[in-house]
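Numbered by my numbering, the letters in the first sequence go through residues 18 to 419 in order.
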Amino acid sequence: MTQKGLSDFFSKYMGTSSVFKNKAVLQSAHTPDTILHRDKEITAIASILAPSLRLDKPSNIFIYGKAGCGKTLSARHVTKEIEKHAVNNNINLRVLYINCKLKKIADTEYRLIAQLSREYGKAIPPTGLPTDEVYKTFHNAVDSSKGINIIILDEVDELVKKVGDEILYNLTRINDELKNSKISLIGISNDMVFLEALDPRVRSSLSEEEIMFAPYNALQLQDILIQRAKEAFKEGSIQAGVIEKCAAYAAREHGDARRCMELLRVAGEIAERNNFDKVAIEHIDSADEKIERDRLMVILTTQPKQSQATLYSIVSISIGNKGNIFTGDVYELYKGICTRIGLRPLTQRRVSDIIAELDMLGIINVKVISKGRYGRTREISLSVPGTATPRIKRILEDALSL
DNA sequence: GTCAATTCACATGAAAGAGACCACGGTCTAGTG
DNA sequence: CTAGACCGTGGTCTCTTTCATGTGAATTGACGA
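Right, here's the structure in full:
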């Protein structure tokens, strides 16, 4: 594009009307004023937390349910309201929200406690201090707050998976040592079976109350979408049937409202970019494709070299043969690739873990099978359609500069 | 033919090491009055 | 005398290796019908 062309482009862009009124409404960070189809759950959380307004320690709550079914939203909504009430009535109540999945912020014991302490205004260095020192700081900070402290641990399962359940035990036990304050925990997890894997002592104290969030069905998703779309889009900029299709797509994927809204947002962006004044049904299809493509691209390019090399060898083998792929084959080829690009090959033990990680990311499918006399191994298959494999291979070749 | 033992090729767990990053306190050094 | 540079120690964190143990069905081989 020439510079003149660029200027034309921008003025034309300014001239075209957007289909959006307020795109932020469709972003996952947005909190709507009213939460649809979660009345029962919200009331349940509220009634459990209510004693805190009388300075009694409310029970710990464990909330679980699939992704994008309103767990975090509901918990934050209730705690925000309760905080408001506390302020109005001069009650010393504090709500801390921590997302345990956030890398470099709260994904280890040290970081979580440090982050919590920071919420109380204590400066904690990112590393270098002994963990019990940080615990002490946190303990003092909480105790001097003299009130009820509700700590929301979002995606606790991720934390526990990484560092074990000891941290939860420590947190629940802190109450015994606090003189002036009390801590209540709200654990939020996507993982349904997470609780069963916990130490029984931790389990019983963390889940004094349990609340299950069922996934939204297609109709509920429609309601939610209509509510958001009203705010997000200009009137009349959505074709009939778009919302329904969007909801149906997401309902198929475990009723994930977050994904549903992303779908609608991206569809809107696609419509806009192609100078449509309405979001049409076919834009949903393109959006679905684009989201999937982008997700894959991000995963592929952000993986460490070792994972990329492992995946590359899996992809290479899968292109050649239609049969099954086993760990041993992958490792052999992987070693070859490593020497070719000057990478120090890892041990098979580690590569085995990397394969499991790739499975978790959803790029490959892995099944542990026993071939009888011929040993036990992982049967690996790509979980992306065969038509996409050459593209993946090219991306990885680029990334590895092969 | 039947049944238990064996065997393979990894899976899976636990522990520990390497190297990067960081805080903190003590020591050294150069600049200043 | 003092501020800043520079070390050594001790801590976390991530990625990895090493060592050890587990696993499930095909295969094998002894046994009896």
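Using N, Cα and C, we set each Cβ at its ideal position, and we do this for glycine too.
Spatial neighbours of Leu66 in its own chain (CB-CB distance under 6 Å, excluding positions within 5 residues in sequence) are listed in chain order as Pro75, Ile99.
Going by beta carbons, Asn109 and Asp171 fall outside the 8 Å limit. When C-beta atoms of the segment 22 to 42 are compared with those of the segment 217 to 237, fewer than three pairs fall below 8 Å, so the two segments do not count as touching. Counting only residues of its own chain and dropping the five nearest sequence neighbours on each side, Asp193 has no CB closer than 6 Å to any other CB. Taking a C-beta distance under 8 Å as the contact criterion, Ile59 and Ile52 qualify as a contact pair.
Rounded to whole angstroms, the separation of the alpha carbons of Leu129 and Glu289 is 42 Å. Within the same chain, Cβ atoms closer than 6 Å to the Cβ of Ser387 are found at Arg393, the five residues on either side in sequence being excluded.
Beta-carbon to beta-carbon, Arg245 and Val42 are separated by about 5 Å, close enough to satisfy the 8 Å threshold. In chain order, Tyr127, Ile130, Ala131, Ser134, Ile141 place their CB closer than 7 Å to the CB of Val151, counting only its own chain and leaving out the 5 sequence neighbours on each side.
Contact between Lys196 and Asn166 is absent: CB atoms are separated by about 14 Å, not below the 8 Å threshold. For Val385, there is no enclosing alpha helix (DSSP H); the enclosing beta strand (DSSP E) covers residues 381 to 387. In the structure shown, Asn105 adopts helical secondary structure according to DSSP, grouped into three states. Leu236 and Ser418 have their alpha carbons spaced roughly 48 Å apart.
For Glu194, the uninterrupted alpha helix (DSSP H) run begins and ends at 183 to 194, by DSSP.
If you draw a straight line from the Cα of Asn187 to the Cα of Asn77, it is about 14 Å long. Using a Cβ-Cβ distance cut-off of 8 Å, the segment 199 to 219 and the segment 172 to 185 are in contact, since at least three pairs of beta carbons, one from each stretch, lie closer than that value. Selection Ser206, Asp415, Gly389 evaluated against Ile358 yields Asp415 as nearest (Cα-Cα).
Going by DSSP, Asp171 is part of the beta strand (DSSP E) stretching over 165 to 171.
In the structure shown, the three-state DSSP call for Thr144 is coil.
Taken in chain order, the complete beta strand (DSSP E) segments of 3 or more residues contained in the segment 306 to 348 number zero; there are none. A residue is called buried when at least 16 other Cβ atoms come within 10 angstroms of its Cβ; Ala373 does not meet this threshold and is exposed. Taking His271 as the centre and dropping the five residues before and after it, the same chain places the C-beta of Lys83, Pro232 closer than 6 Å to its C-beta, in chain order.
Less than 8 Å separates the beta-carbon of Leu350 from that of Ser330. Within the DSSP bridge table, the entry for Ser206 names Tyr81 as partners.
Around the beta carbon of Glu286, a 10 Å sphere encloses 16 or more other beta carbons of the protein chains shown; the residue is thus reported as buried.
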